[in-house]
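Using the numbering used here, you'd call the opening residue of the sequence shown number 12 and step up by one each time.
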Amino acid sequence: MKKTLFLFLLIGLLDAQFLPDTTNSVGGGLGMAVIDGEAYISFNLMTELHFGKFGVGINLPLLYSPKNGIKKDDWDSKRDYARIISYVRYGYKGEPFYVRIGALTHTTLGHGFLVYNYNNRVRSDIIKIGMEMSIDRRLWGIEFFNSDFGRLGLMGIRGFTRPFYGIPLAGRLEFGTSLVSDFDPDEKKDTHDEITAFGFDAGFSLFHFSIMRSSIYADYGQIVDHGHGFAEGILFRFTGLGIVDLGVKLEQRQLSEHFIPAYFNSMYEVDKFYKETLLDSINEKVDGTFGELYAEALGKLKAYGNYFHKNNVRNSGVLNLYASTGTMFPLFTVNWRYFRDSIETIKDVFTINDRSILFTEIGYRINPYMTIFGVIKRTYYYDETENKFKPQDSYSMRVEFNWHF
Numbered sequence: 012m013k014k015t016l017f018l019f020l021l022i023g024l025l026d027a028q029f030l031p032d033t034t035n036s037v038g039g040g041l042g043m044a045v046i047d048g049e050a051y052i053s054f055n056l057m058t059e060l061h062f063g064k065f066g067v068g069i070n071l072p073l074l075y076s077p078k079n080g081i082k083k084d085d086w087d088s089k090r091d092y093a094r095i096i097s098y099v100r101y102g103y104k105g106e107p108f109y110v111r112i113g114a115l116t117h118t119t120l121g122h123g124f125l126v127y128n129y130n131n132r133v134r135s136d137i138i139k140i141g142m143e144m145s146i147d148r149r150l151w152g153i154e155f156f157n158s159d160f161g162r163l164g165l166m167g168i169r170g171f172t173r174p175f176y177g178i179p180l181a182g183r184l185e186f187g188t189s190l191v192s193d194f195d196p197d198e199k200k201d202t203h204d205e206i207t208a209f210g211f212d213a214g215f216s217l218f219h220f221s222i223m224r225s226s227i228y229a230d231y232g233q234i235v236d237h238g239h240g241f242a243e244g245i246l247f248r249f250t251g252l253g254i255v256d257l258g259v260k261l262e263q264r265q266l267s268e269h270f271i272p273a274y275f276n277s278m279y280e281v282d283k284f285y286k287e288t289l290l291d292s293i294n295e296k297v298d299g300t301f302g303e304l305y306a307e308a309l310g311k312l313k314a315y316g317n318y319f320h321k322n323n324v325r326n327s328g329v330l331n332l333y334a335s336t337g338t339m340f341p342l343f344t345v346n347w348r349y350f351r352d353s354i355e356t357i358k359d360v361f362t363i364n365d366r367s368i369l370f371t372e373i374g375y376r377i378n379p380y381m382t383i384f385g386v387i388k389r390t391y392y393y394d395e396t397e398n399k400f401k402p403q404d405s406y407s408m409r410v411e412f413n414w415h416f
């Protein structure tokens, strides 16, 4: 179940690896859903508007039951209406000044060793209004985020400096320090279960051209009263004059007991209730290699994947893959996602069994604005009667519309 949930969340998270889209768009979807035995017609209006440096996202999800009308408990508090304005932003990440308020979908501090692709709206039971901000003054800068203005929850800050800025070679050095704290992970006012992490990092830009750049870095992270970890890595980015966009991240990790890299990640809002217990259960040191790659061709074909394998530990590989044809072909769109763990050899990667999840969408474009999708998903469940895992396939359909202007 946990693995299946991870995949569904992954669907909405991977697209962050690509360049921001500045195209104005109006989109949405129409489908069916069954909740607590009651059938609903689901409708979702999604709009993104960009005006120079400013941008706004609008998201209106509705569930309608022929028997009871619109699902009222989705709109029974003032905070529920906050979901309609998904976000408001000024600037883009990487610019001298950037701020975004509302939904935080891919918040990362530094190289991501403590906070990586954090999402404050993974859960549907509460709508959080957060903020992320960055200021880069060349000699110094700040990255900051707050998960929710409605309560004291997860907050993080990273300050960095380039003390030799303007000096050849030495000016490429950057040093940073981070502090992250969740003041109330279990969301109960009468408990004191705060968890805090801090870290230090250093980076050096190997080269930085208009279409290509690369840097090396080192990170140290410590979760207070738990463990610590080190990472050394290299980043490479090639933008290819708008034809090809390619990014590679390769990282070597040395982790002590009771430490998890990227502890505050895309799944944190779901996992945080028991994640500290998971920390306590890690009783061995881990050395391993982490790799991440994304590619985009012609602004249409997209692919993303990451892989982690523990050194000298058999069957410890974990792989995530995503690919999409986008609007490359006039009539058809294919989206494909794959999760697999317990990997040791190349053969394991291509072996679909109870350690994997496979998700495929095939869309037929009725016209430039409307697409019908057929969805095929394969997961596995444990049959106690036969004492083995069995495949479970599910099929569904939906209609989406989208207009870019």
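For every residue, glycine included, the Cβ atom is placed at its ideal position computed from N, Cα and C.
Quick caveat: nothing in here was measured; it's all calculated off a predicted structure.
Would you identify the three-state DSSP class for ILE153, choosing helix, strand or coil?
strand
Helix or strand or just coil, what does DSSP make of LEU56?
For LEU56, the three-state secondary structure derived from DSSP is strand.
For HIS122, does the count of other Cβ atoms within 10 angstroms reach 16, so buried, or fall short, so exposed?
buried
Give the straight-line distance between the Cα atoms of GLY214 and LEU41, rounded to the nearest whole angstrom.
46 Å
Assuming VAL386 and SER407 make a contact with CB atoms under 8 Å, what is their CB distance in whole Å?
Contact flag correct, Cβ pair sits at about 5 Å.
Can you give me the C-alpha to C-alpha distance between PHE19 and PRO174, rounded to a whole angstrom?
Low local confidence applies: a pLDDT of 32 at PHE19 is under 50, so the model's placement there is unreliable, with the coordinate-based value given in what follows. Spanning the two alpha carbons is a distance of roughly 43 Å.
Assign THR172 to one of three DSSP states: helix, strand, or coil.
It is a strand residue.
Per DSSP, what are the beta-bridge partners of SER407 in this structure?
VAL386
Rounded to a whole number of angstroms, what is the C-alpha to C-alpha distance between PRO379 and ASN413?
8 Å
Exposed or buried, which one is LEU330 when buried takes at least 16 other CB atoms within 10 Å?
buried
What is the rounded straight-line gap between the Cα of ARG366 and the Cα of ASN276?
22 Å
Hey, is ARG132 close to the ligand ATP, as in C-beta under 7 Å from one of its heavy atoms?
As presented, the structure is devoid of all ligands, the ligand ATP included, so that no description of it is given.
Quick check on DSSP: helix, strand or coil for LYS399?
Correct three-state label for LYS399: strand.
Could you check whether the region 309 to 325 touches the region 237 to 252, counting it as contact only if at least three pairs of C-beta atoms, one from each stretch, sit closer than 8 Å?
no
Kindly give me the distance between the Cβ atoms of TYR375 and THR382, rounded to whole angstroms, as I take these residues to be in contact under 8 Å.
7 Å
Determine, using beta-carbon pairs with one atom in the region 98 to 112 and one in the region 248 to 258, whether at least three such pairs fall under 8 Å.
Counting Cβ pairs under 8 Å, fewer than three are found: no touch.
At what residues does the alpha helix (DSSP H) containing THR300 begin and finish?
Looking at the DSSP string, THR300 is not in any alpha helix (DSSP H); the run it does join, the beta strand (DSSP E), is 297 to 308.
My understanding is that PHE211 touches GLY164, with C-beta atoms under 8 Å, so please give their C-beta distance in whole angstroms.
Actually they are not in contact, since the Cβ atoms of PHE211 and GLY164 sit about 24 Å apart, beyond 8 Å.
With distances taken between CB atoms, is the gap from LEU3 to GLY258 smaller than 8 Å?
Since the first residue shown for the chain is 12 and the last is 416, residue 3 is missing from the structure and cannot be characterised.
Which residues does DSSP pair with ASP394 in a beta bridge?
LYS399, per the DSSP bridge assignment.
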